[in-house]
Each structure stands twice: as C-alpha cells, then as structure tokens.
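Counting with this note's numbering, you get residues 2 to 136 for the letters of the sequence shown.
We treat Cβ as the ideally placed atom computed from N, Cα and C, and that holds for glycine.
See below for the structure under consideration.
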Amino acid sequence: RQAIGGLANLSSKHVENKQQLQACGGVESVINLLKATPDSEVACQALACLHNLAAVGDIKKHVVKFGGRELAEEMQKRDDAQVRSMAEVLSRHLAPEETGGEGIFAVRRGPNRGRLPQSRKVRKMREMANKMDEE
Numbered sequence: 002r003q004a005i006g007g008l009a010n011l012s013s014k015h016v017e018n019k020q021q022l023q024a025c026g027g028v029e030s031v032i033n034l035l036k037a038t039p040d041s042e043v044a045c046q047a048l049a050c051l052h053n054l055a056a057v058g059d060i061k062k063h064v065v066k067f068g069g070r071e072l073a074e075e076m077q078k079r080d081d082a083q084v085r086s087m088a089e090v091l092s093r094h095l096a097p098e099e100t101g102g103e104g105i106f107a108v109r110r111g112p113n114r115g116r117l118p119q120s121r122k123v124r125k126m127r128e129m130a131n132k133m134d135e136e
C-alpha cells in the first residue's frame, strides 16, 4: 500500500518523475498490480498513479497501449464506490479525443474563462489526492 501510494505521489506533479517512472517500466507494473489486487485502497492508489502518469501525452499513449483504457472500464464494475469513481475519471481521461476538438473538457467563455467547472467526481478525486499527499 505504501509503495503504490509513494508512486502516486511521485507522479502527481513533476513531468520528470512521470518520465522516469515510465522509463523504468512503472506503467506496466502499476497496470499489473491493478489487475491483481483485490484491495480497494491499493486499487485507488494505482488508478490515481495511472491518471497522474497519463497527464503526459506520450505516457498516456503508453498507458492505453498496455490496456489502461480497458482496465479502467473493468474497475468501474468493482463493488467499492471509491474505486468505481476513480476508474470512471481515469476512463474519461484515457478516452480517445475527438479530432479537431479541444479534448474531453469544455472551454468556458466569459469572465471566468481561465477556470473550468469541476464535477463532483473531479473534486472528490482531488480531495483523495490531497489526502494521499498528507499521509
């Protein structure tokens, strides 16, 4: 639990950390762990780690290549609501982007255009990530 939590923390902000994790086989290891674990806490940490890693375009392609999209869909069938929620966020993040579009998020026009509205699930995921950082 602590090891995957540490990887999730390492992958949360710095691109260099994400690239190093990918270079040493971290994507495949996290995916294999997620496939094998029945532990909900470990699954949540692994999903958060994959989400963090997939924030970098090349690594996102790597996550998809190793079955991350299908695994996220599979994790949405788990009994634990927190795992399902994290898997849904990852699944949306790994979804194929529309050609010519701006990705999966809408762009806000008007006085608050720099800020995007947050769904409850995104807020919950950020709260979970902050809790992981505190531990």
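Close beta carbons around G102, own chain, < 8 Å, minus the five adjacent residues each side
For the purposes of this step, residue 102 is identified with residue 101 of the sequence shown, where counting begins at 1. Low per-residue confidence applies at G102: pLDDT is 38, beneath 50, and the placement is therefore not dependable, though the value from the model is reported in the following sentence. Closer than 8 Å at the Cβ level, and outside the excluded window around G102, lies no residue.
Could you tell me whether the Cβ atoms of L55 and H15 are closer together than 9 Å?
By one-based count along the sequence shown, residue 55 stands at place 54. By one-based count along the sequence shown, residue 15 stands at place 14. In the sequence on display, residue 55 carries Ala and not Leu. Cβ distance not < 9 Å, so A55 and H15 don't count as in contact.
How would you label A82, buried or exposed, when you count the other beta carbons within 10 angstroms and need 16 or more for buried?
On the sequence shown, position 81 is the one that residue 82 refers to. When all chains shown are included, A82 counts as exposed.
Is it buried or exposed for A9, if we count other Cβ within 10 angstroms and need 16 for buried?
If you number the sequence shown from 1, residue 9 lands on position 8. Flag for A9 reads buried.
How big is the Cα-Cα spacing for S13 and G68?
Along the sequence shown, read from residue 1 onward, the residue named residue 13 stands at position 12. Along the sequence shown, read from residue 1 onward, the residue named residue 68 stands at position 67. Going from the Cα of S13 to the Cα of G68 covers about 21 Å.
Do you know how far the Cα of R85 is from the Cα of H63?
Reading the sequence shown from its first residue, position 62 is the one you call residue 63. Reading the sequence shown from its first residue, position 84 is the one you call residue 85. Cα to Cα, the separation comes out at about 22 Å.
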